[in-house]
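Report on the structure given below.
Residue numbers (my numbering): 7 to 368.
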């Protein structure tokens, strides 16, 4: 299967958020220039010049200065003829109209803005340094420049957040003409500030109520839920992430990036010093057929559309229904899963049990 998706990791941040466990380092202009040198060299070694999607994530890609953003755009600009979606992650406090213009000229078609919440009182608890007005200004400037595909990242279950806070965030979303939302529950990851400070997670029942409120309200606002934590208006699903969830091939550039090419998984070192020395690949692993089958199932069941059983059977030359007969019968009987034509789907009422369901398929 050809590789049609490219992920590019920019690890630099001007500050570190209290919940983040992604691969990141504090921004340094000289180091960032060296990193772009290595990134360009690594891209040339891929020998792939046709992608359908490119996604630049981090870290905070928008922490790069204007000259560096121009350089980053120029690395990929000659290869955009076949690209259907070109995304970049932004933090509001790092942006200005000049940077937005550079991204527009560089071919970016989709902006993913880190918001987390529109409550200025809650943002400091999670280490965010922007304010709501920064978000409004960024969205307005992006629209003025002609960006038509804008996504916001939000979170629920934050420190001191109430159900009313979530309701207010949803009311604000309704007032904004945006096309896509990623809405994640707070997960306390090891080595993050919130974990180190022993933040007490919110009650599971309240978190469930928040999730149900988000699902129902966004549905009323014509956002269709298409993945566990992602919602889009018609025609605005994230094409790049769909490739992950459908278990298609993808390549990754930069520290901490991963790639999947057929039966091989590639994982880059998270060490910046190693990467700058050219030691970018930490591990290339050839997975067993059984591992791939489970990974494919695990990723696809995150989607509302579910797992395409015909595609699965063709990929692995198995009969899916027979191979997973026992866990299938169990969870279909419990109404956690259901079959719809040639798709296996999670009952929307039980998405919150997905991890527990998947354990039975291992």
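Note that beta-carbon positions come from the ideal geometry of N, C-alpha and C, so glycine has one too.
Apply the 10 Å Cβ neighbour rule to residue i and answer buried if 16 or more other Cβ atoms are within range, or exposed otherwise.
i	result
residue 236	buried
residue 148	buried
residue 202	Interpretation of residue 202 is limited by its pLDDT of 48, a score under 50 that renders its predicted location unreliable; the figure taken from the coordinates is listed afterwards. Exposed, by the Cβ-count rule.
residue 130	exposed
residue 342	buried
residue 266	buried
residue 354	exposed
residue 175	buried
residue 167	buried
residue 9	buried
residue 214	exposed
residue 361	exposed
residue 169	exposed
residue 216	buried
Based on the DSSP secondary-structure assignment, which residues constitute the bridge partners of residue i?
i	result
residue 289	273
residue 122	160
residue 322	DSSP, once it has assigned bridges, lists no residue as partnering residue 322.
residue 236	188 and 233
residue 314	349
residue 15	63
residue 138	Answer by DSSP bridge pairing: none, since residue 138 is not bridged.
residue 266	256 and 271
Give a yes or no on whether the C-beta atoms belonging to residue i and residue j are separated by under 9 angstroms.
i	j	result
residue 77	residue 92	no
residue 56	residue 245	no
residue 18	residue 33	yes
residue 268	residue 79	no
residue 304	residue 367	yes
residue 161	residue 132	yes
residue 274	residue 262	yes
residue 96	residue 120	yes
residue 257	residue 12	yes
residue 46	residue 16	no
residue 114	residue 153	yes
residue 298	residue 242	no
residue 118	residue 86	no
residue 247	residue 61	yes
So, under 8 angstroms CB-CB, residue i and residue j are touching, yes? Tell me the CB distance rounded to an integer number of Å.
i	j	result
residue 220	residue 172	7 angstroms
residue 163	residue 192	4 angstroms
residue 14	residue 260	6 angstroms
residue 110	residue 72	Going by Cβ atoms, the distance from residue 110 to residue 72 rounds to 13 angstroms, so no, they are not a contact pair.
residue 319	residue 326	6 angstroms
residue 137	residue 282	Not confirmed; about 35 angstroms, so no contact.
residue 150	residue 134	Contact flag wrong, Cβ pair sits at about 25 angstroms.
residue 70	residue 38	6 angstroms
residue 182	residue 145	6 angstroms
Query raised in the report: Is it true that the segment 37-54 meets the segment 301-310, where meeting means three or more beta-carbon pairs spaced less than 8 angstroms apart?
Result: no
**Report entry** Segment contact flag, the segment 331-348 with the segment 289-296, C-beta cutoff 8 angstroms, min 3 pairs
**Finding:** Contact between the segment 331-348 and the segment 289-296 is absent, because fewer than three Cβ pairs lie under 8 angstroms.
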